[in-house]
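Protein sequences appear in the order of chains A and B. Quick note on numbering: the first sequence equals residues 1 to 89 in my numbering. Quick note on numbering: the second sequence equals residues 1 to 357 in my numbering. Beta carbons are placed, not taken as given, at the ideal position from N, Cα and C, and that holds for glycine. A quick note: this is a predicted structure, and the numbers were derived from the prediction, not measured. Before any comments, here is the structure.
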Amino acid sequence: MPRVAFTANLQRHIDCPLQTAPGQSVRAVLDHVFAAQPRLRSYILDDQDRVRKHVAIYVNGERIADRERLSDSIDDDDELFVFQALSGG
Amino acid sequence: MSDRLLVGTKKGLFQLQRSHSDWSIAASHFLSDPISMLLADPRDGAIYAAEALGHFGVKLQRSRDGGESWQEIPAPAFPKSDADGPSVSYLFCLETAGADRPGWLWCGTIPGGLFLSKDHGESWTLNQGLWDLPERKQWMGGGFDHAGVASICVDPRNSAHITIGVSTGGVWRSDDDGASWRAASEGMHADYFPPPRNHAPEVQDIHRLVQCPAAPDSLWVQHHNGVFHSTDGARSWREVTTIRPAKFGFAAAVHPHDPDTAWFVPGVKDECRLPVDARLAVARTRDGARSFEVLTEGLPQQHAYDLVYRHALSVDTTGTRLAMGSTTGHLWITEDGGDAWTLAAGHMPPINCVRFG
Chain A
1 MPRVAFTANL QRHIDCPLQT APGQSVRAVL DHVFAAQPRL RSYILDDQDR VRKHVAIYVN
61 GERIADRERL SDSIDDDDEL FVFQALSGG
Chain B
1 MSDRLLVGTK KGLFQLQRSH SDWSIAASHF LSDPISMLLA DPRDGAIYAA EALGHFGVKL
61 QRSRDGGESW QEIPAPAFPK SDADGPSVSY LFCLETAGAD RPGWLWCGTI PGGLFLSKDH
121 GESWTLNQGL WDLPERKQWM GGGFDHAGVA SICVDPRNSA HITIGVSTGG VWRSDDDGAS
181 WRAASEGMHA DYFPPPRNHA PEVQDIHRLV QCPAAPDSLW VQHHNGVFHS TDGARSWREV
241 TTIRPAKFGF AAAVHPHDPD TAWFVPGVKD ECRLPVDARL AVARTRDGAR SFEVLTEGLP
301 QQHAYDLVYR HALSVDTTGT RLAMGSTTGH LWITEDGGDA WTLAAGHMPP INCVRFG
């Protein structure tokens with residue numbers, strides 16, 4: 001199953017350990033993660049289920065192409081990494 | 001009189017407590033997280049804190065034990081629509097929905113949505129009547145990408161009578177619990193907008209709208225263009241020309257018992273959002289805007305570059321105690337209606353909002 005990892009900066013707000021989740025697209029994998037931790041959804045996705053503007057999702061080191069429908073495909077041995085875009089202040 | 005003050009800053013929530021006539025920071029919460037709005041609900045003692053996490057969206061926290069512990073509760077969110085559909089980017093104001101409706105809350109957001117909770121914030125419903133107004137599509141962002149509902153006033157005489165201020169989008173009034181809305185900006189004008197549209201409701205930038213609880217037909221607005229006053233329940237507005245030392249500003253507060261007494265914190269003008277002559281001052285009227293006093297005792301009178309945001313001036317239920325927080329992290333409190341101010345904290349993060357309770 002694909003592995004899903006979250007930035008430590010998100011762990012500060014909500015429990016989201018390294019985990020595995022089934023699915024053949026980014027959307028499917030994350031839906032499984034959110035099913036177990038519903039509150040996590042609003043940290044990653046906006047009201048319309050798009051990736052939040054300042055959140056980045058990478059698969060095996062490559063940024064996903066579809067930030068609206070999260071349709072990028074995932075293989076069983078892939079790693080999905082969710083982290084935040086850098087900002088100042 | 002409230003001896004507790006909540007201060008929402010760019011980097012956390014601070015609780016100040018008054019003891020032996022001195023105010024001090026008693027607790028901090030959510031350090032490093034931006035707090036956009038606070039509410040201490042007098043009906044049940046709950047405290048609500050709205051967060052604007054830069055990366056991870058808006059969040060809403062609730063404490064039922066005076067800030068000892070917090071629980072994240074759902075934040076208002078727009079219904080699912082389409083790929084271009086709206087998403088809440090900021091929780092701009094939070095108010096109780098009436099003394100006769102315990103647990104009911106109104107929340108104004110950016111983009112300009114108005115949400116109602118009937119269950120202490122456990123769930124929220126978009127006010128569809130306001131969102132579907134054709135005029136809403138003409139609203140504009142005022143300092144943000146999108147327009148925001150920045151002020152909500154619920155008439156203490158009738159909780160179904162609601163007046164809101166939109167930045168930028170004018171004043172709107174509902175007499176049927178939010179089922180229908182009508183523009184309530186008659187008499188306002190926006191000199192920054194080309195005529196003939198400068199009188200149109202949707203171009204009025206309502207920085208802050210406040211309503212006198214004891215005389216709810218009296219409302220005050222700090223507008224981008226100056227100060228306006230209504231004595232007929234927002235049916236009409238009169239421009240206030242007597243305010244000194246300038247008419248620009250963000251914050252406004254009205255005395256809870258005396259509708260003729262109100263406070264503002266002037267800045268030079270919209271292109272120069274700083275105190276006039278770098279001297280921080282509060283403008284107070286006690287005669288319904290026939291005249292203003294410029295209050296400076298205890299406030300810095302040289303090289304002061306503090307700006308007071310729209311929700312960063314607050315008056316308590318007595319009308320004699322006020323708090324004021326600035327963009328440079330200074331917090332002042334007055335115990336005599338503004339005659340003299342005392343610096344309560346001087347090294348805070350930039351202050352977004354202050355609230356007693």
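Through-space distance from residue j to residue i, alpha-carbon basis
i	j	result
B/L331	B/F14	11 Å
B/P74	B/R173	27 Å
B/Q6	A/Q24	Note that residue 6 of chain B is Leu in the sequence shown here, rather than Gln. Those two C-alpha atoms are separated by around 47 Å.
A/H32	A/R3	12 Å
B/D205	A/H13	35 Å
B/N198	B/M188	9 Å
B/S236	B/A49	34 Å
B/R361	A/Q37	This structure cannot speak to residue 361 of chain B, because chain B is shown only from 1 to 357.
A/Q48	A/E68	8 Å
B/R43	B/R238	34 Å
B/V240	B/H229	7 Å
B/A234	B/L114	19 Å
B/A253	B/D316	10 Å
B/P350	B/T9	6 Å
B/H20	B/P102	33 Å
A/L18	A/L40	13 Å
B/E202	B/I152	17 Å
B/D265	B/G129	Residue 265 of chain B is actually Val in this sequence, not Asp. Spanning the two alpha carbons is a distance of roughly 34 Å.
A/R63	B/S117	38 Å
B/K247	B/V227	6 Å
A/Q11	B/L91	23 Å
A/E79	A/A56	14 Å
A/A28	A/P22	7 Å
B/A27	A/Y58	39 Å
Reference residue i; option with closest CA among the options
i	options	result
B/Q361	B/I162, B/P111, B/T125 and B/H120	For residue 361 of chain B there is no data in the structure shown, the boundaries of chain B being 1 and 357.
B/S326	B/R286, B/R284 and B/L274	B/L274
B/G249	B/L313, B/E202, B/H257 and B/G233	B/L313
B/K80	B/A52, B/T109 and B/T125	B/T125
B/L31	B/R355, B/V354 and B/M348	B/M348
B/S180	B/M140, B/N127, B/H29 and B/G143	B/N127
B/F144	B/D132, B/T168, B/S69 and B/T163	B/T168
B/A52	A/S71, A/P17, A/Y43 and A/F83	A/Y43
A/N9	B/K10, B/S2 and B/G54	B/G54
B/S69	B/A200, B/I47 and B/H224	B/I47
A/M1	A/D15, A/D66, A/Q11 and A/V26	A/V26
A/L70	B/A83, B/F78 and B/K59	B/A83
B/L286	B/I243, B/C272 and B/L299	Note that residue 286 of chain B is Arg in the sequence shown here, rather than Leu. The residue with the shortest Cα to Cα distance from B/R286 is B/I243.
B/D277	B/P259, B/G288, B/L307 and B/H257	B/L307
B/G267	B/N352, B/N225 and B/C93	B/N225
B/P259	B/G288, B/W104 and B/T318	B/G288
B/H120	B/D155, B/G148 and B/G45	B/G45
B/D217	B/A200, B/K269, B/A246 and B/N158	B/N158
B/T134	B/A183, B/V154 and B/A97	First, the amino acid is wrong: residue 134 of chain B is Pro here, not Thr. Answer by Cα proximity: B/A183.
Where residue i falls, given that 16 or more other Cβ within 10 Å makes a residue buried
i	result
B/E122	exposed
B/S63	buried
B/H303	exposed
B/P76	buried
B/H311	buried
B/H161	buried
A/K53	exposed
B/S185	buried
B/H255	buried
B/H257	exposed
A/D15	exposed
B/M1	exposed
B/Q211	buried
B/Q71	exposed
B/S36	buried
B/C93	buried
Contact with chain E by residue i, beta-carbon distance below 9 Å
i	result
B/G141	The displayed structure is made up of protein chains A and B, and chain E is not among them.
Within 8 Å of chain B by C-beta, residues of the segment 49-68 of chain A in sequence order: D49, R50, R52, H54, V55 and E68
Members of the segment 87-108 of chain B near chain A, C-beta cut-off 7 Å: If the cut-off is 7 Å between Cβ atoms, the segment 87-108 of chain B has S87 and V88 near chain A.
Residues, ordered as in the chain, of the segment 245-259 of chain B that lie near chain A by beta-carbon distance below 9 Å: none
Segments assigned beta strand (DSSP E), at least 3 residues, entirely inside the segment 206-244 of chain B: 206-211, 219-223, 226-230 and 238-240
Members of the segment 25-42 of chain A that neighbour chain B once the beta carbon cut-off is set at 9 Å: R39 and S42
Residues in the segment 323-337 of chain B having any Cβ partner in chain A nearer than 7 Å: none
Interface residues of the segment 7-26 of chain A facing chain B [CB-CB below 7 Å]: L10 and H13
Secondary structure, beta strand (DSSP E): runs of 3+ residues fully inside the segment 13-45 of chain B: 22-29 and 35-40
Within 8 Å of chain A by C-beta, residues of the segment 52-71 of chain B in sequence order: L53, G54, H55, F56, G57 and K59
Length at least 4, wholly inside the segment 122-171 of chain B: the alpha helix (DSSP H) runs in chain order: 128-131
Near-chain B residues of the segment 70-85 of chain A (beta-carbon distance less than 8 Å), N- to C-terminal order: Q84 and A85
Chain A contacts made by the segment 261-293 of chain B, where a contact means CB separation under 7 Å: none
Proximal residues, the segment 152-177 of chain B versus chain A, C-beta separation under 9 Å: none
Cβ-based contacts, 8 Å cut-off: residues of the segment 109-138 of chain B near chain A: none
Minimum length 3: unbroken beta strand (DSSP E) runs contained in the segment 40-87 of chain A: 55-59 and 79-84
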